[in-house]
Amino acid sequence: MSYTSLAGRTAVITGAASGMGAATALLLAAQGARVALLARRADRLDELAAKIEADGGQALAVTADVTDAASVDAAVARVHEVFGPADLIVNSAGVMLPNPVDDGRVDEWQRMIDTNVTGALRMIRAFVPDLLAAAAEGRTADLVNISSIGAHVTFPNYAVYGATKAALTYLSESLRGELGPRDVRVTNIEPGLTDTELGGHIDNKDLSGQLDGMYEAIGTLASEEIADLIAYVTSRPRHINLRQVIVLPTRQA
44 MSYTSLAGRT
54 AVITGAASGM
64 GAATALLLAA
74 QGARVALLAR
84 RADRLDELAA
94 KIEADGGQAL
104 AVTADVTDAA
114 SVDAAVARVH
124 EVFGPADLIV
134 NSAGVMLPNP
144 VDDGRVDEWQ
154 RMIDTNVTGA
164 LRMIRAFVPD
174 LLAAAAEGRT
184 ADLVNISSIG
194 AHVTFPNYAV
204 YGATKAALTY
214 LSESLRGELG
224 PRDVRVTNIE
234 PGLTDTELGG
244 HIDNKDLSGQ
254 LDGMYEAIGT
264 LASEEIADLI
274 AYVTSRPRHI
284 NLRQVIVLPT
294 RQA
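Each residue of the sequence shown is one higher than the one before, counting from 44 in the numbering used here.
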C-alpha cells in the first residue's frame with residue numbers, strides 16, 4: 044500500500060538493526076519519512092542506512108543501547124542535531140529469553156526488564172516533548188509501542204517475558220490518557236508468532252525446539268507485515284487513533 048501522508052515526517056525507530064524495526068525503517072523511508080535508526084549493532088545500521096539512501100530515502104544510523112541512559116541521551120542529541128525534532132517514535136527494541144522461573148535466571152529477567160520496559164520508558168521520556176510540540180503545532184504525532192500477544196496469553200516458561208510485555212501494554216493504555224487529550228496518538232501493537240531474530244536469543248534447546256515446532260505448525264507473520272501495519276496506523280488522519288492492534292497468523296488461536 045501507499046502511505047503518502049508519511050512524507051516529510053521524522054521517525055525514530057529502536058531495534059532498527061533487524062526484524063520489525065529494520066522493516067519499518069525501510070517502509071517509512073520509502074514513503075518519504077526521514078528515519079533515525081537506533082540499535083546496538085553499528086554495522087547493521089550502516090548497511091541499512093546505505094540501502095535506504097541508495098533507494099532515495101533519508102536515514103541516520105545512530106548506535107544506541109536503550110538499556111543505557113547515557114547512550115539514549117547521546118542518541119537523542121544526535122537525532123536532534125541532524126533531523127531536528129521527531130514526530131513518530133517506534134519502540135521496537137525487545138528481547139525474549141524464556142526459561143522456567145525456578146531456574147532463577149535473574150540475568151535474563153533483568154535484561155528483559157531493562158530492554159522491554161525501561162528501555163521503552165527512556166525513549167518515551169526523551170521524545171515525548173517532541174511529540175507534544177508537533178501536536179501543538181497541528182501536526183500528526185505518534186508513539187508506537189511493539190508489545191506482544193504474550194501480554195494477554197500465557198505460555199509456560201515465558202512468564203517474565205510476558206510480564207514485561209503486559210507492562211508495556213498497560214503503559215500504552217495509561218499514556219493514551221495523558222497524551223491523547225493533547226493530540227498525541229499512542230498505538231500498542233501486539234504481534235503473535237513473527238519471523239524475527241527473537242527466537243535466536245533462546246539458550247534453552249527444548250524451548251527453542253518448541254518454538255520452531257510452533258513456527259512449522261502454525262506459520263508466522265513476516266516483519267514486513269508488521270511494518271505495513273505500523274505504516275497504516277501512523278498514516279491515518281490525525282484525529283484517528285488505532286489504539287490497540289492484535290495481529291496473529293490465522294492459525295494461531
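For glycine and all other residues, C-beta sits at the position ideal for the given N, C-alpha and C.
This structure is a prediction, so every number in the text was calculated from the model and none was measured.
So which of 168, 115 and 286 has the shortest CA-CA distance to residue 272?
Nearest C-alpha to residue 272: 286.
So, with DSSP's three-state summary, where would you put residue 106?
Here residue 106 sits in strand by DSSP.
In terms of alpha-carbon separation, which member of 91, 60 and 133 lies closest to residue 215?
The shortest C-alpha separation from residue 215 is found at 133.
Please determine if the segment 163 to 178 and the segment 122 to 131 are in contact, where contact requires at least 3 C-beta pairs separated by less than 8 Å.
Under the three-pair Cβ rule at 8 Å, the segment 163 to 178 counts as touching the segment 122 to 131.
Under a three-way DSSP split, which group does residue 160 fall into?
DSSP places residue 160 within a helical segment (H, G or I) once states are collapsed to three.
Can at least three beta-carbon pairs, one atom from the segment 58 to 78 and one from the segment 98 to 107, be found at a separation below 8 Å?
By the Cβ test, the segment 58 to 78 is in contact with the segment 98 to 107, since at least three Cβ pairs between them sit closer than 8 Å.
Tell me the DSSP secondary structure of residue 279 in three-state form.
Reduced to three states, the DSSP call for residue 279 is coil.
Backbone secondary structure at residue 234 - three-state DSSP
Note: residue 234 maps to strand in three-state DSSP.
Using a Cβ-Cβ cutoff of less than 6 Å, which residues in the same chain neighbour residue 46 once the five nearest sequence positions on both sides are dropped?
Excluding residues within five positions, the ones whose Cβ falls inside 6 Å are 74, 274 and 278.
Any contact of the segment 199 to 207 with the segment 171 to 188, i.e. 3+ C-beta pairs under 8 Å?
Output reads no: the segment 171 to 188 does not touch the segment 199 to 207.
Exposure of residue 225, with buried meaning 16 or more beta-carbon neighbours within 10 Å
Counting Cβ neighbours within 10 Å, residue 225 comes out exposed, since fewer than 16 surround it.
When the Cα atoms are used, what is the spatial distance from residue 162 to residue 250?
For residue 162 and residue 250, the distance between alpha carbons rounds to 26 Å.
Are residue 58 and residue 136 touching if we call contact CB-CB under 8 Å?
Cβ distance < 8 Å, so residue 58 and residue 136 count as in contact.
Could you check where the alpha helix (DSSP H) with residue 131 kicks off and where it finishes?
Per DSSP, residue 131 belongs to no alpha helix (DSSP H); it is in the beta strand (DSSP E), 131 to 134.
Looking at residue 233: is its Cβ nearer than 8 Å to the Cβ of residue 190?
Yes. Within cutoff.
Taking DSSP as the reference, what is the three-state secondary structure of residue 264?
Correct three-state label for residue 264: strand.
Please return the same chain residues whose Cβ sits closer than 6 Å to the Cβ of residue 50, not counting the five positions on each side in sequence.
Contacts found: 75.
By the DSSP assignment, the alpha helix (DSSP H) with residue 87 in it spans what residues?
It spans 85 to 97 - the alpha helix (DSSP H) in which residue 87 sits, taken as one unbroken run.
Please report how far the alpha carbon of residue 122 lies from the alpha carbon of residue 86, in whole angstroms.
Computed Cα separation, rounded: 18 Å.
Identity of the residue in 98, 60, 95 and 97 nearest residue 81 by Cα
The shortest Cα separation from residue 81 among 98, 60, 95 and 97 belongs to 60.
DSSP on residue 138, reduced to helix/strand/coil?
If DSSP states are grouped into helix, strand and coil, residue 138 belongs with coil.
How would you call residue 108, buried or exposed, if buried means at least 16 neighbouring beta carbons within 10 angstroms?
Using a 10 angstroms sphere on the CB of residue 108, the tally of other CB atoms reaches 16 or more, which defines it as buried.
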